[in-house]
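Asks: Provided herewith is a single structure, encoded as structure tokens, for subsequent inquiry.
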Amino acid sequence: MSDPFYITTAIAYPNGKPHIGHAYEAIATDAIARFQRLMGRDVCFLTGTDEHGLKMDQTARGLGIPTQQLADEMSFYFRDMCDKLDISIDHFSRTTSDHHHKASQAIWKRLEASGDLYLDRYEGWYSVRDEAYYDEAELTEGEGGTKLSPQGTPVEWTVEESWFFRLSKYQQPLLDFYAAHPDFMRPESRKNETIRFVEGGLKDLSVSRTSFDWGVKVPGSDNHVMYVWLDALTTYISGIGFPDDTEEWRKYWPASVHIIGKDIVRFHTVYWPAFLMSAGIPLPKQVFGHGFLLTRGEKMSKSLGNVVDPIELAGLFGVDALRYFLLRDVSFGQDGSYSPEAIVTRVNADLANSFGNLAQRTLSLIFKNFEGCLPAIHGHTDDDNALFDVVREAVSVQIPAHFEDLAMSQALERWMHAVFACNAYIDVQAPWALKKTDPERMETVLATLFICIAQLAVAALPVIPGSARKLLDQMGVPENVRNFGNIVSHWYSPLAESGFRIAQPQGLFPRLELPAEEENAA
RNA sequence: GGCGAAGUAGCUCAGCUGGUUAGAGCGGUGGAAUCAUAAUCCAUAGGUCGGGGGUUCAAGUCCCUCCUUCGCUACCA
13 MSDPFYITTA
23 IAYPNGKPHI
33 GHAYEAIATD
43 AIARFQRLMG
53 RDVCFLTGTD
63 EHGLKMDQTA
73 RGLGIPTQQL
83 ADEMSFYFRD
93 MCDKLDISID
103 HFSRTTSDHH
113 HKASQAIWKR
123 LEASGDLYLD
133 RYEGWYSVRD
143 EAYYDEAELT
153 EGEGGTKLSP
163 QGTPVEWTVE
173 ESWFFRLSKY
183 QQPLLDFYAA
193 HPDFMRPESR
203 KNETIRFVEG
213 GLKDLSVSRT
223 SFDWGVKVPG
233 SDNHVMYVWL
243 DALTTYISGI
253 GFPDDTEEWR
263 KYWPASVHII
273 GKDIVRFHTV
283 YWPAFLMSAG
293 IPLPKQVFGH
303 GFLLTRGEKM
313 SKSLGNVVDP
323 IELAGLFGVD
333 ALRYFLLRDV
343 SFGQDGSYSP
353 EAIVTRVNAD
363 LANSFGNLAQ
373 RTLSLIFKNF
383 EGCLPAIHGH
393 TDDDNALFDV
403 VREAVSVQIP
413 AHFEDLAMSQ
423 ALERWMHAVF
433 ACNAYIDVQA
443 PWALKKTDPE
453 RMETVLATLF
463 ICIAQLAVAA
473 LPVIPGSARK
483 LLDQMGVPEN
493 VRNFGNIVSH
503 WYSPLAESGF
513 RIAQPQGLFP
523 RLELPAEEEN
533 AA
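Next comes the structure, spelled out in structure tokens:
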């Protein structure tokens, strides 16, 4: 294979179990990765956990367990989420691994060699929870005269020796890079924000801490640990081999796209590129900041008690149902809203009623009337060709174009459009009525539908991998045509002539019911 | 305060560089069909495209202004 495609999610900070936002990001990234594989590209998909930092250390201490043990436990939940949601990762990287420490120290040495690191003192109001310093002016007065950060977290006056990175030096190089690579930041609104931020001037960045030791040691300064972001971002390259000159590293870097949440755009579009420039490493081709998922239009938060467990949700509605809903109902890049009603409505309408039912009625007719043998084609009519045109246009032109553009919801909209065309076709042709009047025509109609359904199933593989695969299995579609290139080739007649028979068709997408408690709430 | 995004049918939203009667899905209504997961198909419902002003032969689609929501950022020190 050639044409490598390297995609990553953000490296999650596992100070709690994964929530729906983590799941959303993983699912979206997975759909893109799967799509690219089905386009024949050599894909590497990396995710992982960012386990350093004071917060982890403190949480562990609070629980009375070793920090590493907490990290192991929490990281497991994220790894487990990937398994449960059918996330097709190639690498799960952890910042606590030995190799990652080595990689982080290697990049540190490169920054140092470029003359971009210097030792200084840092003092100011520090928030442990945010792991950030704030200006006096940014603080607000809390209860009892305590000082609070803009995020409402407590701050303490802290003085520490710190290594600094000459971020200021990269202001112009970054702006030049943005100008030369208009697709580097997406969507557009995030790009504008970043450019204005950089134009406003960059201050050097404190990149080490001495107040705790749960992190990567700074080479030559054992009492310092590296700033969590420098360490975390390095995961994108350490996960594929850096600093070793491995085959993966040579093949996959620079990354095709980093998929991240809109809240951490700056780290990925300002700090990360600056670090890489300093280290003499090529920059990723694109950073995409997706939106947030709101619960019934409200921001998720622990205090509101509306934090949703994605595993529970998948258990309730099905993994593919959840995946489909998130990618279909939320325009990628914008905020989206989630509710049980919305999932049930969308999934029933699209997957159960339209697509699932289409497959079921077609396969049932074949199963009952031909003992499962695939019907022969006795010459196609204009109606057949018109349907082929619609489905083929969707499957080999529109859907790939939208996926390529990371517009999953639009890809699925085109997919549904083609599904509608199939349902309209089956109603007009009424193969069940042709049984007595024109059995040969009945065969052709069902064969036509069979082909179209297979094409649509392949196009849906990135989003609903489990159920699409099950359908293709039921239909006996050979593995080697289950991709965007081959599914529009002539595989049907050979399959029919091979003597393949479909078994009694099994429904793919059961109609969902609104959970009882939700009905009451609504 | 500055910059930016958004405000389009009951709901969720499409509408690129301005141009025939403003679109889709869901919901609602009226038909058809009965192979299928009571699923499907057809027709339809008449929305001042946030308000106002302007440019143009022609504006959701460009300009100005106002209102609302949101994001980034700054400041009041």
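If you use the numbering used here, the first sequence corresponds to residues 13 to 534, in order. Glycine included, every Cβ here is placed at the ideal spot set by N, Cα and C. Predicted, not measured: the structure shown is a model, and the values here were computed from it.
1) Classify Y130 as buried or exposed, calling it buried when 16 or more other Cβ atoms lie within 10 Å of its own Cβ.
2) Mark P30 as exposed unless 16 or more other C-beta atoms lie within 10 angstroms of its C-beta, in which case mark it buried.
3) Please specify which runs of the beta strand (DSSP E), each continuous and at least 3 residues long, are wholly inside the stretch 389 to 425, giving them in chain order.
4) Taking the beta carbon of Q467 as the centre, do at least 16 other beta carbons fall within 10 Å, making it buried, or is it exposed?
5) Would you identify the three-state DSSP class for T170, choosing helix, strand or coil?
6) Where L483 and A326 are concerned, what is the direct C-alpha to C-alpha distance, given to the nearest angstrom?
7) Rounding to the nearest angstrom, what Cα-Cα distance links R202 and D341 in this structure?
8) Which residue or residues does DSSP assign as beta-bridge partners of H103?
9) Comparing alpha-carbon positions, which option in I207, I99, P26 lies nearest V331?
10) When the Cα atoms are used, what is the spatial distance from S14 to V277?
11) Using C-beta distances below 6 Å, list every residue in its chain close to G253, excluding the 5 sequence neighbours before and after it, in chain order.
12) Expressed to the nearest angstrom, what Euclidean distance is found between the alpha-carbon atoms of T206 and I23?
13) Using a Cβ-Cβ cutoff of less than 6 Å, which residues in the same chain neighbour H270 once the five nearest sequence positions on both sides are dropped?
14) So A433 and V457 are in contact, right, with Cβ under 8 Å, and what is the actual spacing, rounded?
15) Give me the residue from Q422, A406, F415, L524 with the minimum Cα distance to I499.
16) Is L129 helix, strand or coil when you go by DSSP?
17) List the endpoints of the continuous beta strand (DSSP E) containing I19.
18) Per DSSP, L305 is paired with what?
19) Whole angstroms are fine: how far does the CA of F47 sit from the CA of A515?
20) I need the straight-line Cα distance from K114 to P474, nearest angstrom please.
21) Please state the DSSP three-state secondary structure of F47.
22) Looking at C-alpha atoms only, which residue of V440, V409, D417, Y437 is the closest neighbour of W427?
23) From which residue to which residue does the alpha helix (DSSP H) around V470 run?
24) Quickly, what does DSSP pair G136 with across the bridge? List them, please.
25) Assuming D216 contacts S180 under a Cβ cut-off of 8 Å, what Cβ separation, rounded to an integer in Å, is found between them?
26) Taking all protein chains shown into account, decide if P506 is buried (16 or more other Cβ within 10 angstroms of its Cβ) or exposed.
27) Are three or more beta carbon pairs between the stretch 342 to 360 and the stretch 386 to 400 nearer than 8 Å?
28) Distance check for L305 and S349, CA to CA, integer angstroms please.
29) Could you check where the alpha helix (DSSP H) with V240 kicks off and where it finishes?
30) Ends of the beta strand (DSSP E) at I272?
31) Ignoring anything shorter than 3 residues or poking outside the stretch 204 to 228, list the beta strand (DSSP E) runs there in chain order.
32) With the cut-off set at 9 Å, would you say L370 and I438 are in Cβ contact?
33) Do you know whose CA, among L58, P477, G301, lies nearest D275's CA?
34) So, at 7 Å on beta carbons, what are the nonlocal neighbours of A534 in its own chain, with the 5 sequence-adjacent residues on each side left out?
35) Taking V440 as the reference, give the member of N235, D395, K447 with the closest Cα.
36) Could you tell me the boundaries of the alpha helix (DSSP H) in which V331 lies?
Replies: Considering the structure as presented:
1) As a working mapping, residue 130 is identified with position 118 in the first sequence. With fewer than 16 Cβ atoms within 10 Å of its Cβ, Y130 is classed as exposed.
2) As a working mapping, residue 30 is identified with position 18 in the first sequence. Buried, because 16 or more other Cβ atoms sit within 10 Å of the Cβ of P30.
3) none
4) Stepping through the first sequence from its first residue, residue 467 is reached at position 455. Per the 10 Å Cβ criterion, buried.
5) In the first sequence, residue 170 corresponds to position 158, counting from 1. It is a strand residue.
6) Numbered from 1 along the first sequence, position 471 holds the residue referred to as residue 483. Numbered from 1 along the first sequence, position 314 holds the residue referred to as residue 326. Taking the straight line from one Cα to the other gives about 20 Å.
7) Counting from one through the first sequence, the residue named residue 202 turns up at place 190. Counting from one through the first sequence, the residue named residue 341 turns up at place 329. When rounded, the distance between both Cα atoms is 21 Å.
8) Walking along the first sequence from the start, residue 103 turns up at place 91. DSSP lists L58 as partners of H103.
9) On the first sequence, residue 331 is found 319 positions in, with the first residue counted as 1. The candidate whose alpha carbon is nearest that of V331 is I99.
10) In the first sequence, residue 14 corresponds to position 2, counting from 1. In the first sequence, residue 277 corresponds to position 265, counting from 1. The straight-line gap from Cα to Cα measures roughly 30 Å.
11) As a working mapping, residue 253 is identified with position 241 in the first sequence. Once the five neighbours on either side are set aside, the close Cβ partners of G253 are E260, W261.
12) Translated into the one-based positions of the first sequence, residue 206 becomes position 194. Translated into the one-based positions of the first sequence, residue 23 becomes position 11. Near 21 Å, if we compare the C-alpha coordinates of I23 and T206.
13) Counted from its first residue, the first sequence places residue 270 at position 258. The answer, listed in chain order, is T20, H280, P296, V299.
14) Residue 433 sits at position 421 when you count from the first residue of the first sequence. Residue 457 sits at position 445 when you count from the first residue of the first sequence. With a Cβ gap of about 14 Å, A433 and V457 do not count as contacting.
15) As a position in the first sequence, residue 499 is number 487, starting the count at 1. Considering only alpha carbons, the answer is A406.
16) Sequence index remark: in the first sequence, residue 129 carries index 117 (1-based). L129: strand per DSSP, three-state reduction.
17) Locating residue 19 in the first sequence gives position 7, where the first residue counts as 1. First-last of the beta strand (DSSP E) with I19: 16 to 24.
18) For the purposes of this step, residue 305 is taken as residue 293 along the first sequence, with counting starting at 1. BP columns for L305 point to G348.
19) Numbered from its first residue, the first sequence carries residue 515 at position 503. Numbered from its first residue, the first sequence carries residue 47 at position 35. Going from the Cα of A515 to the Cα of F47 covers about 29 Å.
20) Here residue 114 corresponds to residue number 102 of the first sequence, with the count starting at 1. Here residue 474 corresponds to residue number 462 of the first sequence, with the count starting at 1. Each residue's Cα considered, the two are about 35 Å apart.
21) Taking the first residue of the first sequence as position 1, residue 47 is located at position 35. It is helical.
22) Here the question's residue 427 lines up with position 415 in the first sequence. It is V409.
23) The residue you call residue 470 lines up with position 458 of the first sequence. Note, V470: alpha helix (DSSP H), 451 to 472.
24) Mapped onto the first sequence, residue 136 falls at position 124. DSSP, once it has assigned bridges, lists T170 as partnering G136.
25) In the first sequence, residue 216 corresponds to position 204, counting from 1. In the first sequence, residue 180 corresponds to position 168, counting from 1. At roughly 5 Å, the Cβ-Cβ gap stays under 8 Å, so D216 and S180 are in contact.
26) Numbered from 1 along the first sequence, position 494 holds the residue referred to as residue 506. The residue is exposed, with fewer than 16 neighbouring Cβ atoms inside 10 Å.
27) no
28) On the first sequence, position 337 is the one that residue 349 refers to. On the first sequence, position 293 is the one that residue 305 refers to. The straight-line gap from Cα to Cα measures roughly 5 Å.
29) As a position in the first sequence, residue 240 is number 228, starting the count at 1. Looking at the DSSP string, the run of the alpha helix (DSSP H) that includes V240 is 240 to 245.
30) One-based indexing of the first sequence puts residue 272 at position 260. Taken as a continuous stretch (DSSP letters only), the beta strand (DSSP E) holding I272 covers 269 to 273.
31) none
32) Locating residue 370 in the first sequence gives position 358, counting from the first residue. Locating residue 438 in the first sequence gives position 426, counting from the first residue. A contact, by the Cβ cut-off of 9 Å.
33) Here residue 275 refers to the residue found at position 263 of the first sequence. It is G301 whose Cα lies nearest to the Cα of D275.
34) Position 522 of the first sequence holds residue 534. Low local confidence applies: a pLDDT of 38 at A534 is under 50, so the model's placement there is unreliable, with the coordinate-based value given in what follows. Here the set comprises E353.
35) As a first step, residue 440 is located in the first sequence; it is residue number 428 there, counting from the start. Of N235, D395, K447, the residue nearest in Cα terms is D395.
36) For the purposes of this step, residue 331 is identified with residue 319 of the first sequence, where counting begins at 1. From DSSP, the alpha helix (DSSP H) with V331 extends over 331 to 341.
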